[in-house]
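Read through the structure below, which is laid out as structure tokens, and then see the notes.
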Amino acid sequence: MSKPLQISPDTAIKLSEQLKVPIEHLMHMPRHILLQKLAELAAKDATEADSKKEDPTP
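Using our numbering, the first residue of the sequence shown is number 5, and each one after it goes up by one.
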């Protein structure tokens, strides 16, 4: 069994909210899965930012 992630409580709360995962699940999530979810979140944010640049609303 893997040990809990070594992240601060503030970071855990922010990640939990952004990933929509309970903190208890986040703290025991394998690192490779957490990194995959963070990459997906970053890609989604980048896509949204690009679409806002292309279609600015007045």
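Quick reminder that beta carbons are idealized off the backbone N, C-alpha and C, glycines included.
Computed from a predicted structure; not experimentally measured.
Exercise for the section: To the nearest angstrom, report how far apart LYS24 and LYS18 are at their CA atoms. Expected result: 10 Å
Practice task
Report buried or exposed for LEU39, applying the criterion of at least 16 other Cβ atoms within 10 angstroms of its Cβ.
Solution key: exposed
Exercise for the section: Run the CB neighbour count on LEU42, radius 10 Å, all protein chains shown included, and call it buried at 16 or more, exposed below. Expected result: exposed
Exercise for the section: Using beta-carbon positions only, say whether LEU45 and GLN22 come within less than 8 Å of one another. Expected result: yes
Problem - Nearest-angstrom Cβ-Cβ length linking ALA53 and MET31, presumed shorter than 8 Å - result: About 29 Å separates the two Cβ atoms, so there is no contact after all.
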